[in-house]
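Trainee: First to last, the protein sequences are chains A and B. The working numbering puts the first residue of the first sequence at -12, with every later residue one more than the last. The working numbering puts the first residue of the second sequence at 4, with every later residue one more than the last. Ideal Cβ placement from N, Cα and C applies to all residues, glycine included. Note that the structure is a prediction, hence the values are computed from the model and not measured. Take a look at the following structure, please.
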Amino acid sequence: MASKQKNTTPQQQRYQALQQKHEKKRPLLKNCIRAFFVGGLICTVGQAISYFYIYFFDFTEQSVGNPTVATMVFLSMLLTGFGIYDRLGQFAGAGSAVPVTGFGNAVISAAIEHRTEGFVLGVGGNMFKLAGSVLLFGVFAAFVVALIRTLLSMWGVL
Amino acid sequence: MLAMFFWAFVIGGLICVIGQLLFDVAKLTPGHTLSLLVVAGAILAGFGLYEPLINFAGAGATIPITSFGNSLVHGALDDAKNHGLIGVLTGMFQVTSSGVSAAIIFGFLGALIFKPKG
Chain A
-12 MASKQKNTTP QQQRYQALQQ KHEKKRPLLK NCIRAFFVGG LICTVGQAIS YFYIYFFDFT
48 EQSVGNPTVA TMVFLSMLLT GFGIYDRLGQ FAGAGSAVPV TGFGNAVISA AIEHRTEGFV
108 LGVGGNMFKL AGSVLLFGVF AAFVVALIRT LLSMWGVL
Chain B
4 MLAMFFWAFV IGGLICVIGQ LLFDVAKLTP GHTLSLLVVA GAILAGFGLY EPLINFAGAG
64 ATIPITSFGN SLVHGALDDA KNHGLIGVLT GMFQVTSSGV SAAIIFGFLG ALIFKPKG
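Here it is as structure tokens:
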């Protein structure tokens, strides 16, 4: 933002002020309610899948997260492929982006979108275009956190 | 069991509301928001605060992307207990392997099956 304002003439600044005045305010409360209900609903579906795995496949409450996440990503592939997830995303905002299905959607929609550029350079090269940052910062943060915890427990602090 | 569904709904919904607030109030892009949530999950896991949330809300805590950071830290810590410092690297994806491999496999299958729209 700051760099944008540096190289503007007074006229452009006036225009930006005017633009900001007329810009539509985002309906915050409505968005939050939508995100709450859709996000909650996705997690409820996840809970149902968890119970399915606990009762039929001998997973425990602790280990059930893994197959549940895989199943949710599979569902998000189907929904993304049929174009349902994008419409859901327009309605729910973060409600569909924050659950792991949103991560799946980011990978899968990028893969489908770049299919025309070929499978190696298109699909392979662009698959993690959107979700890559989640992987990068997740892994790096986890690395730092785990390193600190391990070192602390080695020195006998924890 | 019904209580578990209820809390999964409420906690999962609340985490999504935090994401929505980051969208609308902090004006972050979805990419920034998701990265921030993953890092937050990793830090919460470092303080041992995420595990109680999972016991309390089940899928309400494991389905949002924050749990990805939590699982990464847990995998790394579990292996670090057995193998020392190198375990931080070897155990990183131990717990969360299915999410990443499912995304890659189903992403490729999706690209094989579906045609891009528009």
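Thinking Ile99/A and Phe111/B are a contact (beta carbons under 8 Å), I'd like their distance in whole angstroms, please.
Mentor: So it is not a contact: roughly 10 Å between Cβ atoms.
Trainee: Between the segment 26 to 42 of chain A and the segment 35 to 55 of chain B, do at least 3 Cβ pairs fall closer than 8 Å?
Mentor: In short, these stretches do not touch, since the Cβ pair count stays below three.
Trainee: Establish whether the CB of Gln34/A and some CB of chain B are separated by less than 7 Å.
Mentor: Judged by the 7 Å Cβ criterion, Gln34/A is in contact with chain B.
Trainee: Taking Leu62/A as the reference, give the member of Ile89/B, Phe109/B, Cys19/B and Phe50/B with the closest Cα.
Mentor: It is Phe109/B whose Cα lies nearest to the Cα of Leu62/A.
Trainee: Would you say Ala83/B lies against chain A (beta-carbon separation less than 7 Å)?
Mentor: So, interface residue.
Trainee: Could you tell me whether any Cβ in chain A is nearer than 7 Å to the Cβ of Gly22/B?
Mentor: With 7 Å as the cut-off, Gly22/B counts as an interface residue toward chain A.
Trainee: I need the straight-line Cα distance from Lys84/B to Glu54/B, nearest angstrom please.
Mentor: Going from the Cα of Lys84/B to the Cα of Glu54/B covers about 18 Å.
Trainee: Do you know how far the Cα of Arg1/A is from the Cα of Ala128/A?
Mentor: For Ala128/A and Arg1/A, the distance between alpha carbons rounds to 42 Å.
Trainee: For Pro(-3)/A, write down the residues that DSSP places opposite it in a beta bridge.
Mentor: Bridge partners of Pro(-3)/A: none, in fact.
Trainee: Between Val107/A and chain B, is the shortest Cβ-Cβ distance under 7 Å, so that the two count as touching?
Mentor: Chain B contact via Cβ: absent.
Trainee: Do you know how far the Cα of His101/A is from the Cα of Gly90/B?
Mentor: Their backbone Cα atoms lie some 36 Å apart in a straight line.
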